[in-house]
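Under the numbering used here, the first residue of the sequence shown carries the number 1, and numbering increases by one thereafter. Structure first, then comments.
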Amino acid sequence: MVTSQDPSPAAQSQPLVYRTRLPVRIWHWTNAVTIFAMLMSGATIFNAHPRLYWGKYGATFETPWLEIGRQGQQGFLRLGNLQFDTTGFLGWTEHSTRAFPPLVTIPNYYSLAEGRQWHFFFAWVLVISLTLFVIYALFSKHLSRDLALKPEERKLAHLWHDIKEHARLRFPTGEAAKAYNPLQKIAYLGVIFVLIPLVVLTGMTMSPTLNAAFPWLLDIFGGRQSARSIHFLCATGFLAFILIHLLMVLLAGPFNELRSIVTGWYRLPTPRKERP
């Protein structure tokens, strides 16, 4: 497979195109820093009570649906009736007996107060940057032109074809590489209009002060404990998105992809029919 790093004449003869506009690049890197900071500070907050429940209250040690802890010097992750050994990673490591170890928390020592300060600061960054990006996407037509699925892309046959192409590591080439593919669009729209709003609203639901101002949030999410569980699942969704996103960047050609998101310029991959 020829990537942007391929030194062959066929690859180097492909044109550079301006694919990623400045506001999109700014939002991408702002989001990258924000999400990592929120995941790591959120891990610190979770360490204060490493159990999750469903319901309005439910915070009893007998009824968690998820628990990260330790038994002696053995860490474990418990999901319902299933228990997994996570020694050295979760629950117990050589340097920590917390659910999440210092390597993945902000700060890297246990401080609930500081973890909350980091988390709430970047929560505002997340909300403000999303608002500005959505305004830009609407008025610049980035949303309708680049992110919205075209009629043919909504067909199951088209989506299934895109899934098979990705499974075979056959990424778009030539002119087709200028635009997001259907799976990219679905993933980005899911983050923008599902994951981020959901993580913000569930975060608000966990605040007693905001409960007084917006009591209907408790009804929507079924209580503070359910909101906390959904908040955690959203964080897991962000982590899954990041891992898949980074994997796709590596497989598609990291130099070309990074150039696009840093400078905006992208070299179109060589069309397959032109490849030797």
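Yeah, the Cβ is synthetic: ideal placement off N, Cα and C, and Gly gets one too.
Spatial neighbours of residue i in its chain, beta-carbon cut-off 8 Å, leaving aside the 5 residues before and after
i: GLY264; result: TYR18, ARG19, THR20, ARG21, LEU22 and ARG25
i: ASN31; result: LEU126 and SER129
i: LEU218; result: LYS56, THR205, ASN211, ARG224 and ALA227
i: ARG65; result: Looking at the sequence itself, residue 65 is Trp, so the reference to Arg does not match. Correct list, in chain order: LEU52, TYR53, TRP54, LEU79, GLY80 and SER229.
i: TYR188; result: LEU147 and TYR180
i: LEU77; result: LEU66, GLU67, ILE68, GLN83, PHE84, THR86, LEU90 and GLY91
i: THR63; result: TYR53
Helix, strand or coil at residue i [DSSP, three-state]
i: ARG168; result: coil
i: THR97; result: coil
i: GLY72; result: coil
i: LEU149; result: coil
i: PHE84; result: strand
i: TYR180; result: coil
i: ARG19; result: coil
i: LEU329; result: Nothing about residue 329 can be reported from this structure: the residues present for the chain run from 1 to 276 only.
i: LEU239; result: helix
i: LEU268; result: coil
C-alpha distance - residue i paired with residue j, whole-angstrom precision
i: SER96; j: PRO102; result: 7 Å
i: ASP85; j: LEU149; result: 42 Å
i: TRP29; j: GLU165; result: 28 Å
i: PRO269; j: ALA177; result: 7 Å
i: ALA167; j: ARG145; result: 26 Å
i: ILE163; j: ALA252; result: 15 Å
i: PRO208; j: PHE221; result: 14 Å
i: PRO182; j: LEU159; result: 7 Å
i: LEU132; j: GLY75; result: 42 Å
i: TRP27; j: GLN73; result: 43 Å
i: SER260; j: PHE171; result: 16 Å
i: VAL191; j: GLN71; result: 37 Å
i: TRP118; j: LYS155; result: 43 Å
i: HIS49; j: TYR110; result: 12 Å
i: PHE241; j: THR34; result: 14 Å
i: PHE36; j: PRO151; result: 35 Å
i: PRO271; j: ARG116; result: 50 Å
i: LEU246; j: TRP216; result: 38 Å
i: THR93; j: ASN108; result: 14 Å
i: VAL249; j: ALA213; result: 43 Å
From the options, residue whose alpha carbon lies closest to that of residue i
i: GLU114; options: ILE261, SER41 and HIS142; result: SER41
i: GLU153; options: THR34, LEU169, GLN184 and ARG170; result: GLN184
i: PHE233; options: ILE196, MET248 and ILE192; result: The sequence shown places Leu at residue 233, not Phe. Out of ILE196, MET248 and ILE192, ILE196 has the C-alpha closest to the C-alpha of LEU233.
i: VAL200; options: PHE139, LEU243, LEU247 and HIS231; result: HIS231
i: LEU198; options: ALA235, TRP216 and LEU169; result: ALA235
i: PHE193; options: ASN108, ALA137 and PRO254; result: ALA137
i: ILE186; options: PHE214, TRP216 and LEU143; result: LEU143
Check: residue i C-beta below 7 Å from any heavy atom of the ligand HEM
i: LEU79; result: By its list of ligands, the structure shown contains no ligand whatsoever, and the ligand HEM lies outside what it can speak to.
8 Å contact criterion, which residue i and residue j should meet: CB distance rounded
i: PHE44; j: ILE106; result: First, the residue type needs correcting, since residue 44 is Thr and not Phe in the sequence shown. Indeed, because the Cβ distance is near 6 Å, the residues count as touching under 8 Å.
i: PHE100; j: PHE46; result: 7 Å
i: GLY203; j: ALA123; result: 6 Å
i: LEU39; j: LEU239; result: 7 Å
Sequence-distant residues of the same chain with beta carbon closer than 6 Å to residue i, five excluded per side
i: ARG267; result: SER4, GLN14, LEU16 and ASN256
8 Å Cβ cutoff, residue i in contact with chain D
i: THR93; result: Absence of chain D from the displayed structure is noted, only one protein chain being present.
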